[in-house]
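These notes are about the structure you will find just below.
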Amino acid sequence: MLVYLNGSLLPAERATVSAFDRGFVFGDGVYEGLRAFDGRVRAMDHHVARLAGGLRDMRLDWDAAQLRQIVPMLLDANQLGDAFIYVQVTRGAPGAGQSWRARVPDGPMVPTVFAFCVPAPPLEQSLEPAARTAMTIEDFRWRRGHIKSISLGANVMAALMAAEQHDDDAIFVRDGLVGEGTATNVVIAYDGRLATPALEGASILPGVTRALALAGRAGIEARPVTVAELRHADEVLLIGTLTMVAAVVRLDGAPVGDGRVGPMARHLAHALAAAIREQLA
Ligand SMILES: Cc1ncc(COP(=O)(O)O)c(C=O)c1O
41 MLVYLNGSLL
51 PAERATVSAF
61 DRGFVFGDGV
71 YEGLRAFDGR
81 VRAMDHHVAR
91 LAGGLRDMRL
101 DWDAAQLRQI
111 VPMLLDANQL
121 GDAFIYVQVT
131 RGAPGAGQSW
141 RARVPDGPMV
151 PTVFAFCVPA
161 PPLEQSLEPA
171 ARTAMTIEDF
181 RWRRGHIKSI
191 SLGANVMAAL
201 MAAEQHDDDA
211 IFVRDGLVGE
221 GTATNVVIAY
231 DGRLATPALE
241 GASILPGVTR
251 ALALAGRAGI
261 EARPVTVAEL
271 RHADEVLLIG
281 TLTMVAAVVR
291 LDGAPVGDGR
301 VGPMARHLAH
311 ALAAAIREQL
321 A
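Per our numbering, residue 41 is the first one in the sequence shown, and the count goes up by one each step.
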């Protein structure tokens, strides 16, 4: 596998960074997860815009538009058409004479940029949603959930707690409202309708898959979704770049609807695939 590191393509085992890199020491960085289908990158504009916003919020000086060169270059180098692409930008490592652990860097730093890609299923394989189980968990994360920060300790902890309960994932809830999964946004289906938590007032990631699904013909409403609605939903769905659409068939140990992947999950999977196809055309 060839990975990208600071302007070069090199074998993964030769890609090394300083142990003092602030990504390693502080989790001081942001990332993107992208998807390519048949050699074309899905929703690049969305990813560039979200990354640019996160970099700005983190006071990190790097041009997010570089994604437009790095991602195709990586796909090309690895000869992948259907792939997941990960790109992360950290503040970099302190240079000679700079403090190892100063919160505010005491001098200029060069961001560390690392990216890799791995094979992922083609678009047609996303039409049948996977079945998952989930538990709800009080959202104990920071309140800047719109930033795609590499500091994912809390998401990892929640996922581990779910695994301990033999669940596939955790859904964060706060103040009686539904947030998101540990790596997905949430959609509920009720009375033949779909709703996803609004971004306003919530500390959740503006998922690119969510944006594509909202803009497509699935007919999703973005509004606050209560935990009570989640519990009484006909279907609970998780959407994300790698996940595409998954159906939560058991929530907190109780079946969701009839406990099987339902028609709205399939409806959303088809609508999302159509939106992606249109966007790629
Ligand atoms: C916490 C969280 N929410 C939502 C998402 C879904 O976002 P996207 O559709 O851009 O993959 C992700 C993706 O990694 C995530 O980590």
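All residues carry an ideal CB built from backbone N, CA and C; glycine is no exception.
Taking 7 Å as the line, does the beta carbon of residue i fall inside it for any heavy atom of ligand 1?
| i | result |
| --- | --- |
| V248 | yes |
| I125 | no |
| T281 | yes |
| I244 | yes |
| A223 | yes |
| E178 | no |
| G193 | no |
| G232 | no |
| G69 | no |
| E220 | yes |
| G216 | no |
| G73 | yes |
Confirm, please, whether the CB-CB distance from residue j to residue i is below 8 Å.
| i | j | result |
| --- | --- | --- |
| I211 | T176 | yes |
| G69 | V129 | yes |
| L91 | A104 | yes |
| P169 | A305 | yes |
| L320 | R80 | yes |
| N225 | I260 | no |
| L167 | A311 | no |
| V111 | N46 | no |
| P162 | R131 | no |
| R62 | I316 | no |
Quick one: Cα of residue i to Cα of residue j, how far?
| i | j | result |
| --- | --- | --- |
| F60 | F66 | 9 Å |
| G219 | V227 | 10 Å |
| D274 | V57 | 48 Å |
| G256 | M284 | 14 Å |
| D78 | M84 | 15 Å |
| H307 | D116 | 33 Å |
| V196 | E204 | 12 Å |
| R96 | Q119 | 33 Å |
| G293 | A287 | 15 Å |
| S48 | L114 | 10 Å |
| K188 | E53 | 26 Å |
| Y230 | P295 | 15 Å |
| A309 | A268 | 25 Å |
| M98 | D298 | 44 Å |
| L254 | G135 | 45 Å |
| W102 | Q109 | 14 Å |
| G94 | G232 | 35 Å |
What residues in its chain sit with their C-beta under 8 Å from that of residue i, if we drop five residues either side in the sequence?
| i | result |
| --- | --- |
| Q138 | P145, D146, G147 and M149 |
| L291 | T173, A174, M175, T176, I211, L270, R271 and V276 |
| L239 | H186, P246 and A262 |
| S243 | D179, R181, W182, R183, R184, G185, H186, R214 and G219 |
| G193 | G67 |
| P237 | L217, V218, G219, E220, N225, V226, I244, A262, R263, P264 and V265 |
| V43 | L49, L50, P51, A52, A55, L114, F154, A155 and F156 |
Apart from the five residues on each side of it in sequence, which residues of its chain come closer than 6 Å, Cβ to Cβ, to residue i?
| i | result |
| --- | --- |
| R214 | D179 |
| G5 | Because the chain here runs from 41 to 321, residue 5 falls outside it and cannot be looked at. |
| G382 | No answer is possible for residue 382: it lies beyond the span of the chain, which begins at 41 and ends at 321. |
Within the same chain, show all residues whose beta-carbon is closer than 7 Å to that of residue i, passing over the 5 residues directly before and after it, in chain order.
| i | result |
| --- | --- |
| W182 | none |
| H87 | E72, L74, L107 and V248 |
| R250 | N225, T236 and I279 |
| R300 | V289 |
| W140 | F60 and P134 |
3-residue-minimum beta strand (DSSP E) runs that sit fully inside the region 49-97, ordered along the chain | 69-77
Enumerate, from N- to C-terminal direction, the unbroken beta strand (DSSP E) stretches of 3 or more residues contained entirely within the region 98-162.
-> 123-130 and 152-159
Which ranges does the beta strand (DSSP E) cover as unbroken runs of at least 3 residues, wholly within the region 213-284, from first to last along the chain?
-> 217-221, 225-230, 233-236, 260-262 and 275-280
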